[in-house]
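Reading through the structure tokens given below for one structure.
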Amino acid sequence: MLFNSLAFIFIFLPVVLISTFLVSRKKRNLLLFIASILFMLFACGTNFKLLKGLVTGFLKVDFWLLIGYVVINFFIGFGIQSQEKPGGRKALLITAILLDSVPLVIYKVLGSVPLGLSFYTFQTVSYIVDVYQGKARAERSFVKFFVYMAMFPRILQGPIIRFGDLGPSLYSRRISKQDLFRGLEDLIIGLGLKVILSGQVGRVWSGIQGIGIKSISTPLAWMGAIAYSLQLYFDFAGYSRMAIGMGRLMGLELPENFNYPYISKTMGEFWRRWHMTLGSWFRDYIYIPLGGNRGGNFKTIRNLLVVWLFTGFWHGFGWNFIIWGLLTFLFIVLERYIFGNFLNKTPVVGHLYMLILIPLMWMVFANTDLVSLGRYFGRLFGVAGKAITPNDYVKYMQTYGLWLLGGIVFATPGPRKIYDFLRKKIPIAVVPILLAIFWVSVYWMVKGQSDPFMYFHF
Amino acid sequence: MSEQSVPVNSGGPRRKKKKLSRQESLAFTVLLWLLILSMIGFAVGMMIKGNGSQLLSTGISSPDTEEKIYVYPTKEALLIVDSAWIGVPMTNDTVVSHAFRKMIELEESQFYFQDVDDSYFDDALFIGDSRTVGLRDYAPFENADYFASEGIGTYTLEDTEVEIEGLGEIGLWSLLKRREYGKIYIMLGLNEIWAGPEEVAENYKELLDKIREAAPDALIFIQANLYVSASYAEDEPVFSNDNIRALNKNLSKFANGKDIFYIDVNPLFENENGDLDDELTGDGAHVYASLYQEWDEWLKTRGIILKKPELVFEIEEKK
Numbered sequence: 001m002l003f004n005s006l007a008f009i010f011i012f013l014p015v016v017l018i019s020t021f022l023v024s025r026k027k028r029n030l031l032l033f034i035a036s037i038l039f040m041l042f043a044c045g046t047n048f049k050l051l052k053g054l055v056t057g058f059l060k061v062d063f064w065l066l067i068g069y070v071v072i073n074f075f076i077g078f079g080i081q082s083q084e085k086p087g088g089r090k091a092l093l094i095t096a097i098l099l100d101s102v103p104l105v106i107y108k109v110l111g112s113v114p115l116g117l118s119f120y121t122f123q124t125v126s127y128i129v130d131v132y133q134g135k136a137r138a139e140r141s142f143v144k145f146f147v148y149m150a151m152f153p154r155i156l157q158g159p160i161i162r163f164g165d166l167g168p169s170l171y172s173r174r175i176s177k178q179d180l181f182r183g184l185e186d187l188i189i190g191l192g193l194k195v196i197l198s199g200q201v202g203r204v205w206s207g208i209q210g211i212g213i214k215s216i217s218t219p220l221a222w223m224g225a226i227a228y229s230l231q232l233y234f235d236f237a238g239y240s241r242m243a244i245g246m247g248r249l250m251g252l253e254l255p256e257n258f259n260y261p262y263i264s265k266t267m268g269e270f271w272r273r274w275h276m277t278l279g280s281w282f283r284d285y286i287y288i289p290l291g292g293n294r295g296g297n298f299k300t301i302r303n304l305l306v307v308w309l310f311t312g313f314w315h316g317f318g319w320n321f322i323i324w325g326l327l328t329f330l331f332i333v334l335e336r337y338i339f340g341n342f343l344n345k346t347p348v349v350g351h352l353y354m355l356i357l358i359p360l361m362w363m364v365f366a367n368t369d370l371v372s373l374g375r376y377f378g379r380l381f382g383v384a385g386k387a388i389t390p391n392d393y394v395k396y397m398q399t400y401g402l403w404l405l406g407g408i409v410f411a412t413p414g415p416r417k418i419y420d421f422l423r424k425k426i427p428i429a430v431v432p433i434l435l436a437i438f439w440v441s442v443y444w445m446v447k448g449q450s451d452p453f454m455y456f457h458f
Numbered sequence: 459m460s461e462q463s464v465p466v467n468s469g470g471p472r473r474k475k476k477k478l479s480r481q482e483s484l485a486f487t488v489l490l491w492l493l494i495l496s497m498i499g500f501a502v503g504m505m506i507k508g509n510g511s512q513l514l515s516t517g518i519s520s521p522d523t524e525e526k527i528y529v530y531p532t533k534e535a536l537l538i539v540d541s542a543w544i545g546v547p548m549t550n551d552t553v554v555s556h557a558f559r560k561m562i563e564l565e566e567s568q569f570y571f572q573d574v575d576d577s578y579f580d581d582a583l584f585i586g587d588s589r590t591v592g593l594r595d596y597a598p599f600e601n602a603d604y605f606a607s608e609g610i611g612t613y614t615l616e617d618t619e620v621e622i623e624g625l626g627e628i629g630l631w632s633l634l635k636r637r638e639y640g641k642i643y644i645m646l647g648l649n650e651i652w653a654g655p656e657e658v659a660e661n662y663k664e665l666l667d668k669i670r671e672a673a674p675d676a677l678i679f680i681q682a683n684l685y686v687s688a689s690y691a692e693d694e695p696v697f698s699n700d701n702i703r704a705l706n707k708n709l710s711k712f713a714n715g716k717d718i719f720y721i722d723v724n725p726l727f728e729n730e731n732g733d734l735d736d737e738l739t740g741d742g743a744h745v746y747a748s749l750y751q752e753w754d755e756w757l758k759t760r761g762i763i764l765k766k767p768e769l770v771f772e773i774e775e776k777k
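Protein chains in written order, with this note's numbering: chain X, 1 to 458; chain D, 459 to 777.
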């Protein structure tokens with residue numbers, strides 16, 4: 001089940017939210033536990049229809065992997081806490097880390113990662129390490145641990161939560177009026193980002209795949225790179241915002257995951273604004289354990305290299321992801337030792353540098369085989385391939401130009417600032433805005449769904 | 459990534475909790491109620507319109523193929539039928555098959571394809587979905603018209619207006635009134651194949667009759683729907699090439715060998731398994747833009763010239 005599906009918005013979520021208010025606060029975790037299991041069954045189920053999806057989901061290995069991850073880490077976490085011998089604790093720690101990461105590595109190499117698996121490893125490793133280091137206590141309640149690991153708002157794509165961060169709200173599950181309203185706001189805005197903005201600009205990229213990248217014109221290649229960058233951002237940031245909103249609506253505080261990454265001035269800053277919970281995970285569980293920047297320049301550079309190779313590999317098993325990780329590493333090191341200060345002090349240059357770098361880096365990311373990667377860069381700089389219709393970009397500009405422009409505007413904090421200002425001065429004015437975002441999103445969802453095959457395909 | 463320059467919490471900065479002002483509280487109460495009421499209204503409306511089942515859709519695009527069971531002929535059986543109609547399936551080792559195919563087409567249906575040049579298409583109209591858009595955008599015949607739009611099918615064709623050079627946005631029937639075409643090429647049906655190859659074919663037939671009526675003198679070419687790649691069909695089982703073959707077979711029956719002809723471009727782009735060749739497509743559903751020229755070249759080997767050349771008579775006499 002996807003967040004942007006009618007069954008989720010009109011049936012699943014309302015039922016869960018209303019039940020959350022009807023049951024006592026103590027029962028809320030149990031309710032979310034059941035709802036999350038159902039959600040995962042629907043999500044794993046390959047069937048189009050709600051009930052059949054439930055049954056088919058039960059037969060999927062994806063579902064049982066989740067159960068396995070939760071059960072194993074629940075008990076190992078417990079074991080680490082009760083074990084007093086340092087050797088035994090360490091053995092358990094290593095066992096857990098291996099059990100948590102090996103399936104991910106295998107699936108990444110095979111190239112078909114089960115739903116949500118990429119994110120289990122982060123949460124389980126952070127939980128086990130935190131328990132080992134005494135930063136968190138092992139959870140005694142299986143229900144609460146399951147909610148931490150697999151609550152449906154975040155199970156598929158994060159954000160990645162530390163157990164200690166969630167802790168307080170997991171125990172109180174108090175829902176204040178402002179939680180409710182902020183949650184609703186986040187949910188609707190996230191849905192709009194994902195369905196309206198990401199959905200529309202995304203069609204440029206799929207169009208380009210259809211033409212065949214060796215045959216596009218250079219302007220269209222750049223348009224594609226920009227469109228892909230926007231699509232990826234709105235899809236992921238929209239999803240994260242929806243997750244945060246749903247968490248709030250149920251009295252759970254989830255961490256922010258995006259902070260306008262495209263207004264960064266350096267690559268380092270970008271990665272503190274993009275998928276923030278991932279960056280901070282790599283910092284806390286790989287970079288710092290390796291020694292961080294405390295062992296001199298050589299070790300710092302080595303540690304950064306390890307982090308970025310891991311980050312690249314996590315995004316996918318392929319040469320392009322390795323190149324992508326290495327390039328990010330390269331820019332971050334160059335910024336750190338050579339021109340980072342300059343970029344920060346001269347924002348114009350910094351922004352320009354990132355605005356060129358971001359779409360190019362995403363193209364390395366998006367073209368998953370080296371041949372098409374080479375071809376795409378060939379088209380971007382007009383050195384290889386040949387446009388089959390040199391003015392193909394005119395058609396794309398006419399169809400998607402306004403969407404791209406809108407996307408660029410919404411990638412900056414401007415619209416949100418205006419919204420917040422409005423909300424403060426004339427609160428009632430946001431009502432029509434949010435209703436409009438919601439119903440336009442539903443319109444696109446229905447349009448995409450009544451002809452699920454037609455909409456994207458031929 | 460240095461320790462000093464990143465926030466200490468695991469995510470981004472959290473917004474401060476602030477009590478809602480009375481106005482804000484009022485605004486959100488209004489929002490909540492409007493949202494709830496309009497959602498109920500929408501759901502009821504969907505159910506009254508008979509679309510209630512859409513609300514059960516989970517957005518995972520593996521359609522429910524169990525509810526409607528179609529019995530399709532096997533691929534082998536279809537190939538035999540296809541052979542009767544359009545010649546033997548072309549494989550790499552049958553170099554002669556192109557010519558042989560023409561021979562069979564000739565014997566079976568008493569018509570005769572011949573090679574033509576670009577000017578043959580001066581009075582041609584191409585009707586179709588995104589595949590025809592590809593023909594128009596990447597290898598247009600200079601004087602032909604293309605009534606093509608992404609996503610259309612036989613059910614939606616009549617509600618569609620398309621930009622035609624010299625006429626602006628125009629619907630199909632007005633277009634056929636305004637311009638007289640000698641040849642009309644149609645490739646439609648794939649976007650609605652989920653309704654079932656038989657249903658689509660029925661609707662196709664109605665459309666065909668209307669086109670016949672609107673353009674009584676035109677030669678009509680039913681173009682077989684292009685296959686999709688194997689991986690595409692795997693993701694979207696309703697577009698399996700067996701389904702597409704079944705649809706094409708149904709459409710082929712509408713050809714009469716006199717003024718309606720069936721032509722199948724798939725041998726040009728399919729691999730040995732009868733799927734669209736992965737090497738020739740980026741999205742699994744359309745050939746690369748650079749290949750539409752080959753499609754055009756192929757169309758030029760499928761010309762029908764009404765005045766029957768002598769060869770046809772020779773063969774008829776032999777029979």
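Idealized CB from N, CA, C, for every residue including glycine.
Proximity test, Cβ basis, 8 Å: residue i and chain D
i	result
residue 290 of chain X	no
residue 215 of chain X	yes
residue 114 of chain X	no
residue 133 of chain X	no
residue 411 of chain X	no
residue 6 of chain X	yes
residue 446 of chain X	yes
residue 330 of chain X	no
residue 10 of chain X	yes
residue 234 of chain X	no
Local Cβ density within 10 Å of residue i, reported as buried at 16 or more and exposed below that
i	result
residue 342 of chain X	exposed
residue 165 of chain X	buried
residue 390 of chain X	exposed
residue 482 of chain D	buried
residue 371 of chain X	exposed
residue 140 of chain X	exposed
Interface partners of residue i on chain X, CB under 7 Å
i	result
residue 741 of chain D	206, 209, 210
residue 502 of chain D	Near residue 502 of chain D there are no residues of chain X at all, since even the closest Cβ is about 11 Å away, more than 7 Å.
residue 681 of chain D	Those within 7 Å of residue 681 of chain D in chain X number zero; the least Cβ separation is about 13 Å.
residue 513 of chain D	6, 7, 10, 11
Chain D residues whose Cβ lies nearer than 7 Å to that of residue i
i	result
residue 389 of chain X	595, 596
Supposed contact pair residue j and residue i - C-beta distance, whole angstroms, cut 8 Å
i	j	result
residue 778 of chain D	residue 682 of chain D	There is simply no residue 778 of chain D to check, as chain D begins at 459 and stops at 777 in what is shown.
residue 613 of chain D	residue 650 of chain D	6 Å
residue 11 of chain X	residue 513 of chain D	6 Å
Inter-residue Cα distance where the pair is residue i and residue j
i	j	result
residue 283 of chain X	residue 291 of chain X	10 Å
residue 584 of chain D	residue 751 of chain D	15 Å
residue 78 of chain X	residue 92 of chain X	10 Å
residue 339 of chain X	residue 71 of chain X	48 Å
residue 579 of chain D	residue 359 of chain X	42 Å
residue 286 of chain X	residue 127 of chain X	14 Å
residue 445 of chain X	residue 76 of chain X	43 Å
Closer than 9 Å at the beta carbon, the chain D residues around residue i
i	result
residue 334 of chain X	Residues of chain D passing the Cβ test: none, with the nearest at roughly 13 Å.
residue 31 of chain X	Correct list: empty, because the minimum Cβ distance to chain D is about 20 Å.
residue 184 of chain X	486, 489, 490, 493
Interface partners of residue i on chain X, CB under 9 Å
i	result
residue 734 of chain D	Residues of chain X passing the Cβ test: none, with the nearest at roughly 12 Å.
Test: residue i CB closer than 8 Å to a CB of chain X
i	result
residue 574 of chain D	no
residue 505 of chain D	no
residue 665 of chain D	no
residue 578 of chain D	no
residue 673 of chain D	no
Under 8 Å by beta carbon: chain X residues contacting residue i
i	result
residue 488 of chain D	428, 431
Cross-chain neighbours of residue i in chain D, by beta carbon under 8 Å
i	result
residue 435 of chain X	489, 492, 493, 496
residue 438 of chain X	493
Residues that residue i contacts on chain A, provided the C-beta gap is smaller than 9 Å
i	result
residue 181 of chain X	The structure shown has no chain A; the protein chains it does contain are X and D.
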